[in-house]
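S.K.:
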Amino acid sequence: MKNKLLILNGPGLSDISLTDDFYGKITLKSIEDKCLEVCTKLNIGLDFRQTDDEDKLFSYLLKDSEEFDAVIINPIGYSHALTAEFARYRLAIKTLTLQKKPVTEVHIANIFKQGSDITKPLQVPEGEMGFVSGLGVYSYVIAINAIFKKLNKVV
Amino acid sequence: MKVYVINGPNINLLGTREPEIYGYEMIDDIAKKCIEIGNKKGIDVQFMQSNYEGELVGWIQDAIKNKIDVIVVNAAAYTHTSIAIHDALKSFSGFKIELHISNPHLRESFRHVTFVAPAADAVVAGLGADGYSHVIELLSDLPIKVN
Chain H
1 MKNKLLILNG
11 PGLSDISLTD
21 DFYGKITLKS
31 IEDKCLEVCT
41 KLNIGLDFRQ
51 TDDEDKLFSY
61 LLKDSEEFDA
71 VIINPIGYSH
81 ALTAEFARYR
91 LAIKTLTLQK
101 KPVTEVHIAN
111 IFKQGSDITK
121 PLQVPEGEMG
131 FVSGLGVYSY
141 VIAINAIFKK
151 LNKVV
Chain A
156 MKVYVINGPN
166 INLLGTREPE
176 IYGYEMIDDI
186 AKKCIEIGNK
196 KGIDVQFMQS
206 NYEGELVGWI
216 QDAIKNKIDV
226 IVVNAAAYTH
236 TSIAIHDALK
246 SFSGFKIELH
256 ISNPHLRESF
266 RHVTFVAPAA
276 DAVVAGLGAD
286 GYSHVIELLS
296 DLPIKVN
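These protein sequences, in sequence, are chains H and A.
In terms of the working numbering, the first sequence is residues 1 to 155.
In terms of the working numbering, the second sequence is residues 156 to 302.
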């Protein structure tokens, strides 16, 4: 059966356009193109989304995700922001992981380079979640490959 | 491309140590898989493991001396304690990936600090033992300058 994957990009990623010393120019479009290329090769149905609207993001995460086999999320600041939104995000991810749905958090840059006191990946006890940071567009690629392997593992 | 895959303490117990967290695959199986993928991709993979911090530091220094292109490091418990490994990695100018089988940030709070990640270019965690092969598989796609 064809796997269905939801890739969610959080606030601020709509107009991302950065030139990385190592990876070159990265835009949301270049990320989407790469993800689509990899998913097509693996015969995965991809729904690639971005929103700046927090309510929408949580509705995608908690409601729309029911239609998908796995979720990849670039939460930008959500995973470490000290706000009510953080608690909401953490709960949403925990719900997904307890449903045994593969979830992977991805970041374009290595978030630890900014100082580990400031940025932290999401901490969800009891949950199970992949984490990739600092591989540019390839953070998404490795997450897709890992999810594909996990969903189609012959035991 | 030359790659060192450096593994820290207790990784030699893979397959028998808390398999519900780390999986049932043995370290030799993982090493074999990495080397096989490397052979297919024209990447020279050297897989090593030690329970001693100083030996891990020594291998990172060897990587500098031998002009290795990439270090994939799973420092295991030393991730959360070793400034010596942090410093050694900083002296290595090639590409550095911190790897973990589980996701340390979902576990006990003493695993939330990492001295390796700020000295690395990228972090891959929580993809299981397959994380190793996924990383080796990806290396040839990355714009890594080969010595």
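Glycine included, every Cβ here is placed at the ideal spot set by N, Cα and C.
Note that the structure is a prediction, hence the values are computed from the model and not measured.
#1: Please name the residue in Leu57(H), Phe22(H), Phe48(H), Gly10(H) whose C-alpha comes closest to that of Leu36(H).
#2: Could you name the residues of the same chain whose beta carbon sits closer than 8 Å to that of Ala232(A), not counting the 5 residues immediately before and after it, in chain order?
#3: Go to His241(A), then tell me how far its beta strand (DSSP E) extends in each direction, as first and last residue.
#4: Beta-carbon within less than 7 Å of Glu308(A)'s beta-carbon, same chain only, minus the 5 sequence neighbours each way: which residues are those?
#5: From the DSSP output, which residues share a beta bridge with Gln201(A)?
#6: Going along chain D in order, which residues have a C-beta closer than 7 Å to the C-beta of Leu135(H)?
#7: Quick check on Lys251(A): buried or exposed, where buried means 16 or more other Cβ atoms within 10 Å of its Cβ?
#8: With a threshold of 7 Å on Cβ separation, who are the neighbours of Ala230(A) within its own chain once the five nearest residues in sequence on each side are excluded?
#9: Starting from Ile142(H), find everything on chain A with Cβ-Cβ shorter than 8 Å and list it in chain order.
#10: Ser17(H) by DSSP, collapsed to three states: which one?
#11: Could you tell me whether the Cβ of Gly24(H) comes closer than 9 Å to any Cβ of chain A?
#12: List the residues of chain A that Ile145(H) touches, going by C-beta distances under 8 Å, in chain order.
#13: Using 9 Å as the threshold, is the C-beta distance between Ala275(A) and Gly134(H) below it?
#14: For Val106(H), which residues in chain A fall below 8 Å Cβ to Cβ?
#15: Evaluate Glu67(H) with the Cβ neighbour count: other Cβ atoms within 10 Å of its Cβ, from every protein chain shown; 16 or more gives buried, anything less gives exposed.
#16: Check whether the Cβ of Asp183(A) lies closer than 9 Å to any Cβ atom in chain H.
#17: So, helix, strand or coil for Thr97(H), using DSSP?
#18: Alpha carbon to alpha carbon, how far is Met203(A) from Val160(A)?
#19: Give the straight-line distance between the Cα atoms of Gly10(H) and Ile111(H), rounded to the nearest whole angstrom.
#20: Mark Tyr287(A) as exposed unless 16 or more other C-beta atoms lie within 10 angstroms of its C-beta, in which case mark it buried.
#21: Can you tell me which of the three DSSP states Phe265(A) falls into?
#22: To the nearest angstrom, report how far apart Asp53(H) and Lys41(H) are at their CA atoms.
#23: Quick one: what does DSSP say Ile118(H) is sitting in, helix, strand or coil?
#24: For Ala280(A), which residues of its own chain have a beta-carbon under 6 Å away from its beta-carbon, when the five flanking residues on both sides are left out?
#25: Rounded to the nearest angstrom, what separates Asn212(H) and Leu28(H) at their Cα positions?
#26: Whole angstroms are fine: how far does the CA of Val38(H) sit from the CA of Lys4(H)?
#27: Straight-line CA distance for Glu173(A) to Ile192(A)?
M.R.: Looking at the coordinates:
#1: Comparing alpha carbon positions, the residue from Leu57(H), Phe22(H), Phe48(H), Gly10(H) closest to Leu36(H) is Phe48(H).
#2: For Ala232(A), where only same-chain residues beyond five positions count, the Cβ hits under 8 Å are Gly163, Pro164, Asn165.
#3: Per DSSP, His241(A) lies in no beta strand (DSSP E) segment; the continuous alpha helix (DSSP H) that holds it begins and ends at 238-246.
#4: The requested residue 308(A) is not part of the displayed model; chain A covers only 156 to 302.
#5: Residue pairing by DSSP places Gln201(A) opposite Tyr159(A) in a beta bridge.
#6: Looking at the structure shown, chain D is missing, and the protein chains on hand are H and A.
#7: Looking at its Cβ environment, which holds 16 or more other Cβ atoms inside 10 Å, Lys251(A) is buried.
#8: The answer, listed in chain order, is Gly163, Leu211, Ser237, Ile240, Val271.
#9: Near Ile142(H) (Cβ distances below 8 Å), the residues of chain A are Val279, Leu282, His289, Val290, Leu293.
#10: If DSSP states are grouped into helix, strand and coil, Ser17(H) belongs with the strands.
#11: Put simply, the CB of Gly24(H) is near chain A, with a gap under 9 Å to one of its CB atoms.
#12: In the sequence under discussion, the amino acid at residue 145(H) is Asn, which differs from the Ile named in the question. In chain order, His289, Glu292, Leu293 make up the part of chain A whose C-beta sits under 8 Å from the C-beta of Asn145(H).
#13: Closer than 9 Å, so yes.
#14: The contacting residues do not exist; Val106(H) stays about 10 Å from chain A at best.
#15: The residue is exposed, with fewer than 16 neighbouring Cβ atoms inside 10 Å.
#16: At a cut-off of 9 Å between beta carbons, Asp183(A) makes no contact with chain H.
#17: Three-state result, Thr97(H): helix.
#18: Straight-line Cα distance between these residues: approximately 6 Å.
#19: Their backbone Cα atoms lie some 15 Å apart in a straight line.
#20: When all chains shown are included, Tyr287(A) counts as buried.
#21: Helix.
#22: Straight-line Cα distance between these residues: approximately 31 Å.
#23: Because Ile118(H) sits at a pLDDT of 44, beneath the cut-off of 50, its placement in the model cannot be relied upon, and the following sentence gives the value as read from the coordinates. Correct three-state label for Ile118(H): coil.
#24: Sequence-distant partners of Ala280(A) (beyond 5 residues in either direction) whose C-beta falls short of 6 Å from its own C-beta, in its chain, are His255, Asn258.
#25: The question about residue 212(H) has no answer, for chain H in this structure spans 1 to 155.
#26: Cα to Cα, Lys4(H) sits roughly 13 Å from Val38(H).
#27: Rounded to the nearest whole angstrom, the C-alpha separation of Glu173(A) and Ile192(A) is 27 Å.
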